[in-house]
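In terms of numbering that gives the first Met the number 0, the sequence shown is residues 0 to 220. We treat Cβ as the ideally placed atom computed from N, Cα and C, and that holds for glycine. Take a look at the structure below.
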Amino acid sequence: MRLLIVEDDRRIAEDIAGALSSAGYRTDIATTGEDAWFLGDTEDYDLVVLDIGLPQLDGLTILKRWRANGRHMPVIMLTARGSWAERVEGIDSGADDYLPKPFQFEELIARVRALIRRSAGIGSAVISVGAMTIDPRAMRVSINGVPQSLTPLEYQLVSYLGHHQGRIVPPAELHSQLYGDDFSRDANALEVLITRLRKKLGSDAVGTRRGFGYYIGGTEP
Ligand code: CA
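Written out as C-alpha cells, the structure is:
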C-alpha cells in the first residue's frame with residue numbers, strides 16, 4: 000500500500016511517515032501544495048493524509064482539484080482542533096475522514112487501515128481468501144489459522160493483492176507498490192518474490208494470468 004503524506008512541517012511529515020512505515024505502508028512526502036497536487040494527480044496512491052493548513056496552495060483547494068479531475072483515492076485530512084467549519088468544508092470537498100491535530104499516531108494508523116479496507120469494499124478487519132487470512136493490524140498472513148513467516152516485502156505483496164481481490168493486478172502496479180521509483184529493481188525481482196511466496200504459502204496462493212498480471216488465491220477473477 001502506497002500512501003502520500005502532505006504536511007508543510009517536514010519534521011511532522013517525517014514522524015507521520017515513520018509511524019506509517021512501521022505499520023507496513025510505503026510513504027511519499029510532499030511539503031508544498033504544488034508538489035502534493037502534482038503527485039496526487041499523477042501517481043496512484045492507496046490513500047492520502049492531507050494537512051489542510053498549507054501555505055499558498057491549501058489542502059482544501061488541492062482536494063477539490065483532485066476530485067474535479069476524477070482522482071478518487073481515499074483522503075484523511077488533518078485539521079486544526081475545534082475548526083468544525085473547516086471539517087464540514089473538507090468533507091463536502093471529498094475528504095473521507097478527518098483527524099484534528101494534535102493526534103496519536105495509533106489513531107491515524109487505525110483510521111488509515113479502516114479507510115483502505117472500506118475503499119477495497121472489505122467489511123471486516125481480517126481479509127479471507129480460501130484457507131488464507133490476512134490481518135492488517137498484526138501484519139500477519141495465516142493459512143488454516145497457522146501464522147506464516149513472511150518478510151515485510153512478501154507481506155506487502157500478499158496484502159496488496161488481498162485488498163484487490165477479484166482483480167488482475169498488472170506487474171507494473173505491483174512493482175511500483177513494492178519498489179516505488181527504484182528502477183534498479185528489474186521485473187525479475189517480482190517474479191522471484193512470487194515464486195518464493197508460492198513455496199511458503201502454497202502454489203495457489205498467488206495466481207498468474209500470463210501477459211496480464213497476478214491475483215490472490217487459486218480462483219481466477
Ligand atoms: Ca500545516
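Using the three-state DSSP reduction, which class does residue i fall into: helix, strand or coil?
i       : result
Leu-77  : strand
Arg-25  : strand
Arg-70  : coil
Asp-96  : strand
Gly-206 : strand
Leu-2   : strand
Gly-212 : strand
Thr-150 : coil
Val-87  : helix
Arg-139 : strand
Gly-158 : The sequence shown places Ser at residue 158, not Gly. DSSP places Ser-158 in helix when its eight states are reduced to three.
Val-125 : coil
How many Å lie between residue i and residue j at the Cα?
i       : j       : result
Ser-183 : Ala-12  : 27 Å
Leu-77  : Val-5   : 9 Å
Asp-91  : Ala-35  : 20 Å
Arg-208 : Glu-219 : 8 Å
Ile-167 : Leu-156 : 13 Å
Arg-112 : Glu-172 : 20 Å
CB residue i to CB residue j, shorter than 8 Å?
i       : j       : result
Thr-26  : Ala-16  : yes
Gly-165 : Ile-133 : no
Pro-99  : Arg-80  : yes
Ile-142 : Leu-200 : yes
Asp-95  : Asp-50  : no
Am I right that residue i and residue j are in contact with their C-beta atoms under 8 Å? What's the rounded C-beta distance?
i      : j     : result
Leu-38 : Leu-3 : 6 Å
Quick test of the definition: if touching needs 3 or more C-beta pairs under 8 Å, does the region 168–177 touch the region 114–131?
Verdict: no, contact absent.
Does the region 100–111 come close enough to the region 57–69 that 3 or more CB-CB pairs lie under 8 Å?
Output reads no: the region 100–111 does not touch the region 57–69.
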